[in-house]
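Engineer: Below you'll find the structure I mean.
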Amino acid sequence: MGAVPTYKKFKVINEMVKVEKNFAICLLCEIAEVLRSGYYKWLKRQISPSKKQREDEELKQKIKRCHRKFRGIYRYRRIQIWLKVVYDLHVNHKRIQRLMREMKIQAVIRKKRRYYGRKEAFLFQIVLSTEIFFSHFKSECFHLHTFQTASEVNDAVHQYIHVYNHERFQKKLNNLSPYQYRTQDA
1 MGAVPTYKKF KVINEMVKVE KNFAICLLCE IAEVLRSGYY KWLKRQISPS KKQREDEELK
61 QKIKRCHRKF RGIYRYRRIQ IWLKVVYDLH VNHKRIQRLM REMKIQAVIR KKRRYYGRKE
121 AFLFQIVLST EIFFSHFKSE CFHLHTFQTA SEVNDAVHQY IHVYNHERFQ KKLNNLSPYQ
181 YRTQDA
């Protein structure tokens, strides 16, 4: 039973004890190759969660809120920025990634584009930034929805542009939205 995670062994022991009261916990722990004290510690955590587990549950709710608000387009690094800006929470990205994995939350991932090299022309930089915006726009707005009428498309475009300018925090802009970045100097 070495390949089975310890918490699963504890669950099996707990179920066996619930079903058949005659089983000795000491014997079951010995068969499962786990410590009896570890089982009792796990059992206590199931009854009253630890501080870290309570914090993780609160964090999971905030991650779900972000995931719903942005319709699943944020990955763990952008959720980290969102938590920092909105809730002033400094959370490690690996912790967010682990919690998202536990909740089976995945972001919609854009297809990688081929890299054609770097050109230094100013005009190319303007065109490139426009192309980047529209690639994000298509993958985060158009490819996620099916539209029936032109007014639905119009509403989706306006909503996406508002979210992009006012609510979408960007790491390269010092974790500010484009609107906040433009108005901070004024």
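Under UniProt numbering, the residue at position 55 of the sequence shown is numbered 55, and the numbers go up by one with no gaps. Quick reminder that beta carbons are idealized off the backbone N, C-alpha and C, glycines included.
(1) Note down, in chain order, each residue of its chain lying with its Cβ closer than 8 angstroms to the Cβ of Q97, except the 5 sequence neighbours on either side.
(2) Under 8 angstroms between the Cβ atoms of I105 and I63?
(3) Spell out a yes or no on whether the segment 53-73 and the segment 24-44 are touching, meaning 3 or more CB-CB pairs, one atom from each, closer than 8 angstroms.
(4) Measure the C-alpha to C-alpha separation of E140 and I31 and round it to an integer number of angstroms.
(5) Nearest-angstrom Cα distance between Q159 and N165?
(6) Rounded to the nearest angstrom, how far is the Cβ of H90 from that of K84, given a contact under 8 angstroms?
(7) Quick one: what does DSSP say Q159 is sitting in, helix, strand or coil?
(8) For K99, name the three-state secondary structure that DSSP assigns.
(9) Residues in the same chain with beta-carbon distance under 8 angstroms from P49, minus the five sequence neighbours each way, listed in chain order, please.
Structural biologist: Let me lay it out:
(1) Within the sequence shown, the letter at position 97 stands for residue 97. Correct list, in chain order: Y76.
(2) Residue 105 sits at position 105 when you count from the first residue of the sequence shown. Residue 63 sits at position 63 when you count from the first residue of the sequence shown. Yes.
(3) no
(4) For the purposes of this step, residue 140 is taken as the residue at position 140 of the sequence shown. For the purposes of this step, residue 31 is taken as the residue at position 31 of the sequence shown. So the alpha carbons of these two residues sit roughly 51 angstroms apart.
(5) Mapped onto the sequence shown, residue 159 falls at position 159. Mapped onto the sequence shown, residue 165 falls at position 165. In a straight line, the C-alpha of Q159 is about 10 angstroms away from that of N165.
(6) Here residue 90 corresponds to residue number 90 of the sequence shown, with the count starting at 1. Here residue 84 corresponds to residue number 84 of the sequence shown, with the count starting at 1. H90 to K84, Cβ: 6 angstroms. Contact.
(7) Here residue 159 is taken as the residue at index 159 of the sequence shown, counted from 1. Reduced to three states, the DSSP call for Q159 is helix.
(8) Counting from one through the sequence shown, the residue named residue 99 turns up at place 99. The residue you asked about is not Lys; residue 99 is Leu in the sequence shown. If DSSP states are grouped into helix, strand and coil, L99 belongs with the helices.
(9) Residue 49 sits at position 49 when you count from the first residue of the sequence shown. Here the set comprises E57.
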